[in-house]
Structure formats: structure tokens, C-alpha cells
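Engineer: One gets our numbering by counting positions in the sequence shown from 1 and adding 1083 to each. The structure under discussion is supplied below as C-alpha cells; questions concerning it will follow.
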Amino acid sequence: MFLILINWFYLFMLSLLLLIFNYKHMLIFLMLMELIMLNNMCLLYYFLNLNNMNLYMMLFFFIFVVCEAVMGMMLMILIIRKKGIEFLKFMNLLLW
């Protein structure tokens, strides 16, 4: 049990470090956000099985993750169509 939590913590910290240091492209940013959500989903599954609870919460979490991914891709497509560039470094979304 403790080993699984340590592995989850290392994966979570690794994904956060990648998110901090690789923020130039919007697509990479969205993929790293999905990695963090996948990591949280694995942790939720582990704790729900540990406590012998039903897995309906997993269904709600799946729906949330899919909606978040679709909205992120939709925003990326709109920004690329409007600006013609997907670098987060050169964007000022307040002027959009």
C-alpha cells in the first residue's frame, strides 16, 4: 500500500515538474494536464477499492476528464485559427 502511494507521489511530482518546465506549446501543456488527471484517476480508483466503495465516482471523474480534454482542444483550435500560433509564450489571452 505504501509503495503504491510513493509511486503515485513520484509520478505526480514528475508530471508537475514537466508541466512547469515544458510550457511553451499548448498541445504539450494539454497532454501533461491529461497525465495529471490520469494520475489522479489511478489514485481515486485505488482509494475507492481500498475502502470497498462503489465505483460510480470513477464514472463522474471520467466524464469530467473527457469534458476537460474536449474543452482544452476546442480552445486550442480556436486560438490557432484566430492567432495562427500555438506557442503559449507569445500569447496574451487578455487581448484576445
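Glycine is no exception: its CB is placed at the ideal position from the N, C-alpha and C atoms.
#1: Nearest-angstrom Cα distance between Tyr1093 and Ile1087?
#2: Please report the residue range of the alpha helix (DSSP H) in which Glu1117 lies.
#3: For Met1157, which residues of its own chain have a beta-carbon under 6 angstroms away from its beta-carbon, when the five flanking residues on both sides are left out?
#4: Would you mind sorting Met1154 into buried or exposed? The rule is 16 or more other CB atoms within 10 Å of its CB.
Structural biologist: Let's see:
#1: Rounded to whole angstroms, Tyr1093 and Ile1087 show a C-alpha spacing of 10 angstroms.
#2: Met1109 to Leu1133 is the extent of the alpha helix (DSSP H) around Glu1117.
#3: If we look at Met1157 and ignore the five residues flanking it on each side, it has no Cβ neighbours.
#4: By the beta-carbon neighbour count (other beta carbons within 10 angstroms, threshold 16), Met1154 is exposed.
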